[in-house]
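Before any comments, here is the structure.
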Amino acid sequence: MGHLRPDTTDKKDLSIIIPAFNEEKIIYKNLGKTDEALKNILQKHGYTYEIIVVDDGSTDNTYKEALNVSENSVNIKVVNYKKNGGKGKALKYGFKYCNARYVTFIDADLDLHPNQISHFIEYMEENNADVVIGSKRHPLSIINYPTSRKVLSGGYHLLTRLLFHLDLSDTQTGLKLFKNEVLKEILPRILCKKYAFDLELLVNVKTRGWKITEAPIELNWQRANNRLKLQDMWHLGLDTAAIFYRLKIKKHYQDRQYFYHFKLLKDYISVKK
Ligand SMILES: Nc1nc2c(ncn2[C@@H]2O[C@H](COP(=O)(O)OP(=O)(O)O)[C@@H](O)[C@H]2O)c(=O)[nH]1
Ligand SMILES: [Mg+2]
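Those letters in the sequence shown? Residues 15 to 287, by the working numbering.
Here is the structure:
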């Protein structure tokens, strides 16, 4: 991380956004682990960070548990809203509270340990990239997760390759790193709120000409149960078809300054409220 110079403005060096839906059993422990990891890989070396937890309308004690951790750490901020909207909505909402040059998305279950963020930052700087995404199909990745999910992930990868010709080997992995300005430009264009959010985001990042690099990851499945339901897969399929329609037929993602500035203004007003 030799090239990441601590910021001299009041901006933090890194914001990490953690979407959380019904995670009361693990959120306390995992936020502690994340804070600890970032202290070691960033703070120790003079870099600053913030952890933004977004409670995505949980119906359990996720919000309370997250607040309990934040009371003991100046680096953790917890935000929430009432109605569950999906991981994409949570990440988009969390970004409104970010104040850092680099922004990371990571899942609350810590299948992907936050220690890996330092490699992501190195990848970004060495490759002069704007976005670094973790890929389960990178030759150096070490992955340990259920076979049913491997099959699903392989099928989805083929489908998206066929439809979008993206030269990316995995759009869906939870760990991603962005330059702040990329998200500022791209997020207002994103309409998907659930799992196809990742695909829509990356399609837009590519369409707008930002550079993406794939990084290896170490993934260790942590959950006792697979939470992905048949209904989620149905939504993923429908949303993917909608992205195809918007990209190829409606040309919705092409440059539309009016649309973009209107959305920015709307988002700004909703944060101020
Ligand atoms: N399943 C689910 N996860 C959500 C939702 N909103 C936010 N999340 C968070 O999104 C991340 C990934 O969810 P997870 O269930 O682990 O998905 P998986 O890793 O693809 O099986 C976790 O941090 C969740 O807490 C939601 O509506 N449903
Ligand atoms: Mg998970």
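No residue lacks a Cβ here, since even glycine has one placed at the ideal position from N, Cα and C.
Note that this is a predicted model, so its numbers are computed, not measured.
- Message: Just list the residues that DSSP pairs Phe178 with in beta bridges.
- Response: Position 164 of the sequence shown, counted from the start, is the residue given in the question as residue 178. Per DSSP, none; premise fails for Phe178.
- Identify which residue in Lys101, Gly46, Arg203 and Asn239 has its Cα closest to the Cα of Val88. If you number the sequence shown from 1, residue 88 lands on position 74. The candidate whose alpha carbon is nearest that of Val88 is Gly46.
- Alpha carbon to alpha carbon, how far is His59 from Leu252? Give it in angstroms, no decimals. As a working note, residue 252 is residue 238 in the sequence shown. As a working note, residue 59 is residue 45 in the sequence shown. Roughly 45 Å separates the two Cα atoms.
- Message: Please classify Ser162 as buried or exposed, where buried requires at least 16 neighbouring CB atoms within 10 angstroms.
- Response: The residue labelled residue 162 in the question sits at position 148 within the sequence shown. Exposed, by the Cβ-count rule.
- Message: Tell me whether Ala104, by its Cβ, gets closer than 7 Å to a heavy atom of ligand 1.
- Response: Along the sequence shown, one-based indexing puts residue 104 at 90. Yes, since a heavy atom of ligand 1 falls inside the 7 Å radius drawn around the Cβ of Ala104.
- Counted within 10 angstroms of its Cβ, other Cβ atoms place Val288 as buried (16 or more) or exposed: Shown here, the chain extends from 15 to 287; a query on residue 288 therefore has no answer.
- Burial state of His179, where buried means 16 or more other Cβ atoms lie within 10 Å: Position 165 of the sequence shown holds residue 179. Label assigned to His179: exposed.
- Task: Could you check which residue in Leu28, Ile231 and Lys207 has the C-alpha nearest to that of Cys112?
- Result: One-based indexing of the sequence shown puts residue 112 at position 98. For Cys112, the nearest C-alpha among the options comes from Leu28.
- Task: Could you name each continuous alpha helix (DSSP H) segment of 4 residues or more that falls completely within the region 76-110, going from the start of the chain to the end?
- Result: 76-84 and 101-109
- Item | Any heavy atom of ligand 2 within less than 6 Å of residue CB: hits in chain order | That query returns the following residues: Asp121, Asp123 and Asp125.
- Query: Name the DSSP beta bridge partners of Glu64, please?
  - Reply: Within the sequence shown, the letter at position 50 stands for residue 64. Looking at the DSSP assignment, Glu64 forms a beta bridge with Ser29.
- Task: Give me the Cα-Cα distance between Phe35 and Asp121, rounded to the nearest whole angstrom.
- Result: Start at 1 with the first residue of the sequence shown, and residue 35 comes out as number 21. Start at 1 with the first residue of the sequence shown, and residue 121 comes out as number 107. Approximately 10 Å between the Cα atoms of the pair.
- Look up Leu126 in the DSSP assignment and say whether it is helix, strand or coil. Working through the sequence shown from its first residue, we reach residue 126 at position 112. Three-state DSSP puts Leu126 in a strand.
- Message: Just to check my reading of the structure: Ile40 and Asp125 have Cβ atoms closer than 8 Å, yes? What is that Cβ distance to the nearest angstrom?
- Response: Position 26 of the sequence shown, counted from the start, is the residue given in the question as residue 40. Position 111 of the sequence shown, counted from the start, is the residue given in the question as residue 125. In this structure Ile40 does not touch Asp125 by the C-beta definition: roughly 11 Å separates them, more than the 8 Å allowed.
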